Amino acid sequence: MIGVSHLRTTLESVVLSSIMKLDRSSMDKLFDLMIMMVKYQLKAATGPREVILIILNHVDAIRDMVSDSNAQKCVTLVQEMVVDFYGCLTFEEVWSARESCLKELESYHVRVSILLRRGLQNEDASFNLIPHGYNERYVEHRNTLGVMKMKDVSPETCCGGSFDTFGDRKTLLGKNIYLPTYGVTGQRDSQQFLKDCGAKAELGMLAVQLGTEETNYERPFTLNLLSNVDEENVNTNKEVDAEGNNAKRSNAASGKPKLNEDYKAKLDNVYADFFEDEHETSLKRSMDLLDLLDEIE
Numbered sequence: 418m419i420g421v422s423h424l425r426t427t428l429e430s431v432v433l434s435s436i437m438k439l440d441r442s443s444m445d446k447l448f449d450l451m452i453m454m455v456k457y458q459l460k461a462a463t464g465p466r467e468v469i470l471i472i473l474n475h476v477d478a479i480r481d482m483v484s485d486s487n488a489q490k491c492v493t494l495v496q497e498m499v500v501d502f503y504g505c506l507t508f509e510e511v512w513s514a515r516e517s518c519l520k521e522l523e524s525y526h527v528r529v530s531i532l533l534r535r536g537l538q539n540e541d542a543s544f545n546l547i548p549h550g551y552n553e554r555y556v557e558h559r560n561t562l563g564v565m566k567m568k569d570v571s572p573e574t575c576c577g578g579s580f581d582t583f584g585d586r587k588t589l590l591g592k593n594i595y596l597p598t599y600g601v602t603g604q605r606d607s608q609q610f611l612k613d614c615g616a617k618a619e620l621g622m623l624a625v626q627l628g629t630e631e632t633n634y635e636r637p638f639t640l641n642l643l644s645n646v647d648e649e650n651v652n653t654n655k656e657v658d659a660e661g662n663n664a665k666r667s668n669a670a671s672g673k674p675k676l677n678e679d680y681k682a683k684l685d686n687v688y689a690d691f692f693e694d695e696h697e698t699s700l701k702r703s704m705d706l707l708d709l710l711d712e713i714e
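Printed below as a string of structure tokens:
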């Protein structure tokens, strides 16, 4: 089983793949938060099937972050791999994996503000395992279900919970506890999900108009762990060409006179000086993973 130290390395890699920069203290807090939330979800799970549903809730959260069709297919493939892998295991094998994870996290005792506010954690960092609308009661049926494979048992036997792409997971565990909609479960069809993605695109356009987000919609979800300067340069050149063509069409339509070449050259020089530091920063962000990990230390 992968140790906690390897999980920490993976977390740092994911965090450092974005433009976000965290110091050591902030990284420690983020890691403690992640560990305690995973520990709570596993502790509150009422059976092996709910453990799988928790994983699928996390996969659903990733799906909500992307609107690109290729990224959607990748997320769906991950879900199918999860269902296929754990479906071939017995109930007892999944439950034993859950207990092994809890044993690995036994030494972690950190108070989490969101859990304290919702009454799910005590001041001594112990958990309050209150009912959350799903109860598999695996302990009561352990002798019967233990040797059976997950895929061979009807969902209704284990309190329901769908493994389908847009199915109702039934359980709240694994959902984003910080969202105001936390506590609401239900099934979403593919059409409604696509509408949600469209709404996110509209909000992104509004953010650009307000000047709070960069105008890059070719790649709404990007996770780069290795340097890929050439690909980024190609995309940048395409965006520049598109902007140039749009500007030419706009000028032709409006009939405005051509800008003075000297004035335009001065603007270009000012633009280059202004974004020189930003260009250097973008190059630093393209360093390989080892350099990034060394930099944060």
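Just so we're aligned: 489 in the numbering used here is position 72 of the sequence shown, and the numbers increase by one with no gaps anywhere.
Glycine included, C-beta positions come from ideal geometry on N, C-alpha and C.
Keep in mind the model is a prediction, meaning the values are calculated, not measured.
DSSP three-state assignment for residue i, whether helix, strand or coil
i: K592; result: coil
i: F544; result: strand
i: K675; result: Confidence in K675 is poor, its pLDDT being 49 and thus under 50, which makes the residue's placement too unreliable to answer from.
i: D501; result: helix
i: V646; result: Residue confidence for V646 is low, a pLDDT of 46 falling below 50, so the modelled location carries little weight; the figure read from the coordinates is stated next. Reduced to three states, the DSSP call for V646 is helix.
i: K446; result: helix
i: K587; result: coil
i: T507; result: strand
i: K438; result: coil
i: T493; result: helix
i: P597; result: coil
i: I419; result: coil
i: C518; result: helix
i: A488; result: helix
i: S579; result: coil
i: S430; result: helix
i: H720; result: This structure cannot settle anything about residue 720, because the visible part of the chain is limited to 418 through 714.
i: A478; result: helix
i: T574; result: helix
i: R425; result: helix
Contact check, residue i vs residue j, beta carbons under 8 Å
i: K456; j: L519; result: yes
i: T504; j: K566; result: Before going on, a small fix: residue 504 reads as Gly here, not Thr. In this structure, K566 lies closer than 8 Å to G504 by Cβ.
i: A461; j: L590; result: yes
i: Y551; j: T463; result: yes
i: F580; j: L447; result: no
i: M454; j: Y525; result: no
i: T507; j: G584; result: no
i: R586; j: L428; result: no
i: V483; j: Q489; result: yes
i: M451; j: V432; result: no
i: D440; j: V527; result: no
Residues bridged to residue i (per DSSP)
i: Q538; result: F544
i: K566; result: T507
Given residue i as reference, the closest of the options once Cα atoms are compared
i: G719; options: Y595, C491, V468; result: Absent from the structure is residue 719, since the part of the chain shown begins at 418 and ends at 714.
i: L459; options: V570, N545, P597; result: N545
i: Y555; options: T582, E509, E429, T493; result: E509
i: E553; options: K568, D541, T588, S543; result: T588
i: D541; options: S530, V432, H549; result: S530
i: Y599; options: L522, S484, H549; result: H549
i: G420; options: P572, V570, E523; result: E523
i: E573; options: D445, R466, H475, V476; result: R466
i: R559; options: M498, W512, S517, E521; result: W512
i: T582; options: R441, V500, T426; result: V500
i: F502; options: K568, D485, C491; result: K568
i: E497; options: D481, A514, R515, V476; result: V476
Neighbour flag for residue i against chain B, beta carbons, 8 Å
i: H526; result: This model lacks chain B altogether; it includes just one protein chain.
Flag this pair as touching only if the region 534-549 and the region 433-448 have three or more C-beta atom pairs under 8 Å; answer yes or no. When C-beta atoms of the region 534-549 are compared with those of the region 433-448, fewer than three pairs fall below 8 Å, so the two segments do not count as touching.
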